[in-house]
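Sequential numbering from 27 applies to the sequence shown in my numbering.
Where is the CB? At the ideal position from N, CA and C, for every residue including glycine.
This structure is a prediction, so every number in the text was calculated from the model and none was measured.
Structure, as C-alpha cells:
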Amino acid sequence: MNRGEQNGKDSANQLPNGKGVIVVIESEKIIQALCYVLQKVKRADKIKLVKLLYLADKYHALRYGRTVTGDEYWAMDYGPVGSTAKDLLSLDKKMLSREYKLVSRLLKKASEHNFVVGGSCTEDDLELLSETDREAINFVTERFGRMSSRELIAYTHKYPEWAQHEELFASRTTKRQRIETEELLSFLDDDCMAVSEEHLETSRQLITGTFS
Numbered sequence: 027m028n029r030g031e032q033n034g035k036d037s038a039n040q041l042p043n044g045k046g047v048i049v050v051i052e053s054e055k056i057i058q059a060l061c062y063v064l065q066k067v068k069r070a071d072k073i074k075l076v077k078l079l080y081l082a083d084k085y086h087a088l089r090y091g092r093t094v095t096g097d098e099y100w101a102m103d104y105g106p107v108g109s110t111a112k113d114l115l116s117l118d119k120k121m122l123s124r125e126y127k128l129v130s131r132l133l134k135k136a137s138e139h140n141f142v143v144g145g146s147c148t149e150d151d152l153e154l155l156s157e158t159d160r161e162a163i164n165f166v167t168e169r170f171g172r173m174s175s176r177e178l179i180a181y182t183h184k185y186p187e188w189a190q191h192e193e194l195f196a197s198r199t200t201k202r203q204r205i206e207t208e209e210l211l212s213f214l215d216d217d218c219m220a221v222s223e224e225h226l227e228t229s230r231q232l233i234t235g236t237f238s
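Next up, the structure:
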C-alpha cells in the first residue's frame, strides 16, 4: 500500500466545511496530483491545471465516493476551482516553507503563464497518489487534455454546481460560491464520466456518510 491509500498528515490544512466538520486538505497530495497532470499534458497554464484537477476529482467522486485531492471547491467566474490548488499554483513565497519548496521543485514555470514538470520529479514524488487517483487523472487528461483553457472553462460551466450560480456571476453579485463535495456528483447528458443511478447513490452515501 502506498501513502496514497493512507490519511497522511504532512502539509495538511484543516478547514471547517460549513457543517461543523473539520476537513483535512493535504497540500502535498494536491502538488503531486498537479505534477502527475503535467506529466500527461506536458505543459499547461494555471486555469487548465485547476480545470483538469476538478474533472479528475469529479470522476473519482462519481466512481469511488471521494475526490482525488480532498480540496475545497468554489464556483468562481471562470468555473469550479479547488482553492488550495489555486493558491499553490500562485507560487507565493508566503505559503508554508515546506509547501513552497515542494511545489517549486515539482512544478516549473516554462513561461509567464505556463507550467511544466520540474526536472527532479520522480515516481517517489508521486507516492500519495493511489491507483484510482491515477486512473482518474489518466482518464481526464486523455479526454480533456487537448482542450484549451477557454474550452475547459466553457465545458465546466455546463455542470450544475457552477451553472446554478451563473446569474450571480453575470450580475457581479458575488465573486465565489461554495461547492460542497456532494455537488460534484453530477454529470451531463452523454457525459463520458456518467455512472449508473445505483452507483451514484453508493458514491453519495460514501461522501456524505449517510447509509440507508
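Secondary structure of residue i, DSSP reduced to three states
| i | result |
| --- | --- |
| residue 99 | strand |
| residue 150 | helix |
| residue 221 | coil |
| residue 231 | helix |
| residue 120 | coil |
| residue 213 | coil |
| residue 178 | helix |
For residue i, the residue or residues it bridges with in DSSP
| i | result |
| --- | --- |
| residue 133 | 143 |
| residue 71 | 140 |
| residue 106 | 101 |
| residue 54 | Answer is none; residue 54 lacks a bridge partner. |
Below-8 Å beta-carbon distance, residue i vs any chain B residue
| i | result |
| --- | --- |
| residue 227 | Among the chains of the structure shown, chain B does not appear; only one protein chain is present. |
Residue i, enclosing alpha helix (DSSP H) - first and last residue
| i | result |
| --- | --- |
| residue 94 | Unbroken run through residue 94: none, as it is neither H nor E. |
| residue 192 | 192 to 196 |
| residue 187 | 186 to 189 |
Span separating the alpha-carbon of residue i from that of residue j
| i | j | result |
| --- | --- | --- |
| residue 230 | residue 175 | 29 Å |
| residue 72 | residue 142 | 11 Å |
| residue 219 | residue 53 | 26 Å |
| residue 103 | residue 109 | 13 Å |
| residue 49 | residue 180 | Its pLDDT being 46, under 50, residue 49 is placed unreliably in this model, and the value from its coordinates should be taken loosely. Each residue's alpha carbon lies about 29 Å from the other. |
| residue 60 | residue 74 | 11 Å |
| residue 159 | residue 107 | 18 Å |
| residue 243 | residue 89 | This structure leaves residue 243 out entirely; the chain is present only between 27 and 238. |
| residue 163 | residue 178 | 15 Å |
| residue 126 | residue 238 | 43 Å |
| residue 188 | residue 198 | 15 Å |
| residue 77 | residue 105 | 8 Å |
| residue 149 | residue 84 | 24 Å |
| residue 151 | residue 130 | 13 Å |
Element boundaries [beta strand (DSSP E), containing residue i]
| i | result |
| --- | --- |
| residue 203 | 202 to 205 |
| residue 171 | Neither: residue 171 is in no beta strand (DSSP E) and is coded neither H nor E. |
_Count Cβ pairs between the stretch 164 to 183 and the stretch 63 to 72 that sit closer than 8 Å; are there 3 or more?_
yes
*Is the stretch 90 to 105 touching the stretch 188 to 198 in the sense that three or more CB pairs, one from each, lie closer than 8 Å?*
Contact holds: three or more Cβ-Cβ distances are below 8 Å.
*At a cut of 8 Å, does the stretch 221 to 229 reach the stretch 113 to 131 through at least three beta carbon pairs?*
no
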